[in-house]
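Working notes for the structure below.
Chains as they are written, first to last, in my numbering: chain A, 36 to 316; chain B, 37 to 559.
This is the structure:
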């Protein structure tokens, strides 16, 4: 049974009271993906005169009857439907506390649902696995919980083809990627462009889970390989150095991309808040 | 050695226990290898380095145990007090009544109190290798099997020539005293300490005293010494096609009371047998390979049977000069040097001066011995052991005496008697008989045993047969070369301790560097 963090209601409540449109400057608002695109929603964006390149079907005939001139009505796209949760379910996630992992994702999904976002859940390992689309309203949180409970952590990670497939298939405006990024091609994965992405990195250092110095046999469940090494001061230093390079690469600043790193012992609430702040920034 | 192994095992036991515990209690966990690619083995060096990194403490502990065991067992450093007893395994040790041979006496002596703690070896001839080597008899002695040991050893090993040089290995192993129990009288002063046991000599034997090739007669002359030999000497030759010896029909044998002369016309592998004893000779003409430069020298090379065309140390060289004016030795010297240089490097060069014009007075103005014909000429005789020359008519003009060329023997063709019929004779040696290659004492190279008899062996080395016969000392009882000196590498105790200390410090440093717990797990 996955519990949702108690603070989520409070956080969602606080953000719900924000009048996003009024508080944001015009320029920022126009760039906000939620309100930017022209589409098929019922929110009227603009009424303008018919131009030769316009579709005849878009002509508002009532206005033509009243004014005897051709007018076109434009509406906003219903973009808040595109909050895509990409959830890594490869075997390497098992180093991290999977309960915490599931709980974090469920809590974040709950907050978004409370804020009337539509979310889609997609799990992947080396390819896309399960998909659950169009979850709306907080009352449907059970779909999220059921999806997360059914996650089995197996198989290797292959981020690049997964991200490319997601981009081609759904072209989501906002992607939340939950992964440990333990993939040899993680550098290439960072280059796959999304309009807006949030990378939530669940990281476990080897020194956190190793029982101590001595001979260490490490099994990689993804590659099904064993490695015996002397885990001593020298090798621990080398591994730490490598981990730092890995983390620095992931945390490097990229356009339209936000990076958050979670460890097993870290407090989760600030991350919810920070993600919402960045989303509305 | 057994002591060393037991000590080492005892010292290594806790190390192996620790290794076992370490392997059993190895920490295992599941984690990705994505960040551990530096530790993957790409080359053999990576694997070795990683293994050393894993087990360096075990390896160093084992080395420390090894050094300590070497030191405690006396194999390293403190073995100088130990004694090795080496029993002579030559043919003469088997002579005598059964059970009373020098070998029996030597083995009994080795069990006496004096040598009770000493290691026992037998210096025996290894028929397969064609040379003497040391065999340890310690295990047999411990098992108390020395009673039947002489018979067993006689069956398994070749009691043959004696060669004490393998005893040097005992000093290299650290023995401070090496006692040789032999039936031969030995001179003192060498590194080996000889103790004489028994002294039996064969009552009847025969032995080759000379094997020559007579170039004039074109046959091999073999002479043997006989003593109380009541059996006829059988001569046979080895036929490759049948793989066996067949009697020689045209062998001329003339036997005296104490000697035997045999004339054999053809080369080949011959066997002379009488009773248990036999000798095998691979007879071949003793031709010396030489190179000729100049027409005269080429003729000489073709005429003389002692020489054959080939790459050797000998050069025959013509040196023409103007007979009427041999007064420019400098010019001749420079010409000669140039030609010698262009001919290549030879240990010996025989140079014949050929007059190109009429007689000169230089011949009469030769060295003092020229008038008498031979004495002063001795200085021109080439120092080859198989010298070809007796330069009866050869002497140099006085003007050429100043040619000082080391390794060069000069001959002079007397222009007064041109064409000189004697000059070729100069090369036709008085030593028409030369010692022929017949057998080897210490054969070298890769050998395979073909035939084995009590006093002779035949090996095959490549395409040729190599005959190995009993040395005369075994029959004559002549004194041997026993003044051999061997240098024992004396390992010093402080060196052992220094090594131990170095390894200990190395291990401590590695432990401090790699395993320091203060470095902790914190990232």
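In this text, a Cβ means the ideal position worked out from N, Cα and C, and glycines have one as well.
Using only CA atoms, which one of the options lies nearest to residue i?
| i | options | result |
| --- | --- | --- |
| residue 275 of chain B | B:238, B:126, B:318, B:132 | B:318 |
| residue 247 of chain B | B:75, B:291, B:493, B:257 | B:257 |
| residue 40 of chain B | B:104, B:129, B:66, B:59 | B:104 |
| residue 153 of chain A | A:165, A:267, A:163, A:172 | A:172 |
| residue 315 of chain B | B:45, B:253, B:86, B:491 | B:491 |
| residue 382 of chain B | B:208, B:351, B:135, B:122 | B:351 |
| residue 472 of chain B | B:335, B:68, B:387, B:324 | B:324 |
| residue 213 of chain B | B:227, B:219, B:205 | B:227 |
| residue 163 of chain A | A:137, A:134, A:195 | A:195 |
| residue 158 of chain A | A:304, A:192, A:281 | A:192 |
| residue 108 of chain B | B:536, B:326, B:78, B:543 | B:536 |
| residue 135 of chain A | A:283, A:185, A:38 | A:38 |
| residue 143 of chain B | B:474, B:48, B:174 | B:174 |
| residue 476 of chain B | B:299, B:197, B:277, B:534 | B:197 |
| residue 300 of chain A | A:131, A:40, A:44 | A:131 |
| residue 247 of chain A | A:232, A:254, A:268 | A:268 |
| residue 230 of chain A | A:290, A:110, A:276 | A:290 |
| residue 211 of chain B | B:548, B:48, B:154 | B:154 |
| residue 276 of chain A | A:302, A:241, A:307, A:245 | A:241 |
| residue 322 of chain B | B:338, B:312, B:344, B:241 | B:344 |
| residue 131 of chain B | B:386, B:299, B:236, B:287 | B:236 |
| residue 347 of chain B | B:380, B:370, B:55, B:354 | B:380 |
Ignore the nearest five residues each way along the sequence and tell me which others in residue i's own chain have a CB closer than 7 angstroms to its CB.
| i | result |
| --- | --- |
| residue 252 of chain A | 261, 263 |
| residue 243 of chain B | 260, 261, 508, 511 |
| residue 290 of chain B | 297 |
| residue 85 of chain A | 94, 105, 106, 107 |
| residue 543 of chain B | 93, 96 |
To which residues of the same chain is residue i closer than 8 angstroms at the C-beta, ignoring the five residues directly before and after it?
| i | result |
| --- | --- |
| residue 479 of chain B | 166, 167, 495, 497, 502, 504 |
| residue 162 of chain B | 168, 169, 193, 194 |
| residue 546 of chain B | 92, 93, 96 |
| residue 245 of chain B | 259, 260, 261, 295 |
| residue 273 of chain A | none |
| residue 408 of chain B | Bear in mind that the predicted position of residue 408 of chain B carries a pLDDT of just 31, short of 50, making it too unreliable to give a figure here. |
Measure the alpha-carbon distance for residue i versus residue j and round it to whole angstroms.
| i | j | result |
| --- | --- | --- |
| residue 146 of chain B | residue 152 of chain B | 7 angstroms |
| residue 271 of chain B | residue 120 of chain B | 44 angstroms |
| residue 74 of chain B | residue 42 of chain B | 41 angstroms |
| residue 59 of chain A | residue 190 of chain A | Here residue 59 of chain A scores only 48 on pLDDT, less than 50, and its place in the model should not be relied on; the value that follows carries that caveat. Whole-angstrom Cα-Cα distance: 44 angstroms. |
| residue 149 of chain B | residue 231 of chain B | 15 angstroms |
| residue 96 of chain B | residue 305 of chain B | 59 angstroms |
| residue 140 of chain A | residue 239 of chain A | 17 angstroms |
| residue 292 of chain A | residue 540 of chain B | 55 angstroms |
| residue 255 of chain B | residue 340 of chain B | 15 angstroms |
| residue 249 of chain A | residue 203 of chain B | 50 angstroms |
| residue 500 of chain B | residue 481 of chain B | 12 angstroms |
| residue 66 of chain A | residue 315 of chain A | Unreliable placement is indicated for residue 66 of chain A, whose pLDDT of 48 sits below 50; no coordinate value is reported for it. |
| residue 225 of chain A | residue 89 of chain B | 36 angstroms |
| residue 279 of chain A | residue 37 of chain B | 55 angstroms |
| residue 97 of chain A | residue 208 of chain A | 34 angstroms |
| residue 356 of chain B | residue 389 of chain B | 6 angstroms |
| residue 200 of chain B | residue 52 of chain B | 43 angstroms |
| residue 102 of chain B | residue 46 of chain B | 10 angstroms |
| residue 49 of chain A | residue 312 of chain A | 11 angstroms |
| residue 234 of chain A | residue 80 of chain B | 40 angstroms |
| residue 140 of chain B | residue 184 of chain B | 10 angstroms |
| residue 126 of chain B | residue 266 of chain B | 25 angstroms |
| residue 135 of chain B | residue 493 of chain B | 26 angstroms |
| residue 253 of chain B | residue 368 of chain B | 40 angstroms |
Using a Cβ-Cβ cut-off of 6 angstroms (strictly less than) and excluding sequence neighbours within five positions of residue i, which residues of its own chain qualify?
| i | result |
| --- | --- |
| residue 297 of chain A | 237 |
| residue 127 of chain A | 215, 217, 257 |
Is the segment 195-208 of chain A touching the segment 170-178 of chain A, taking contact as three or more C-beta pairs under 8 angstroms?
no
Extract the residue ranges of the alpha helix (DSSP H) inside the segment 159-222 of chain A, only unbroken runs of 4 or more that lie entirely within it.
176-184, 194-204
Looking at C-beta atoms only, is the number of pairs between the segment 91-101 of chain A and the segment 141-151 of chain A that lie closer than 8 angstroms three or more?
no
Are the segment 480-494 of chain B and the segment 331-338 of chain B in contact at 8 angstroms, needing three or more beta carbon pairs?
no
Answer yes if the segment 117-125 of chain A comes into contact with the segment 211-223 of chain A, meaning at least three C-beta pairs across the two stretches below 8 angstroms, and no otherwise.
yes
Threshold first: 3 residues or longer. Then list the beta strand (DSSP E) segments lying entirely within the segment 235-284 of chain B, N to C.
241-250, 255-263, 270-275, 280-283
Going along the chain, which unbroken runs of the alpha helix (DSSP H) with 4 or more residues stay wholly within the segment 51-137 of chain B?
80-109
Within the segment 136-181 of chain B, note down every full beta strand (DSSP E) run reaching 3 residues or more, in order along the chain.
155-162, 167-172
Length at least 3, wholly inside the segment 288-357 of chain B: the beta strand (DSSP E) runs in chain order
288-291, 295-300, 304-310, 313-319, 324-329, 343-345, 350-357
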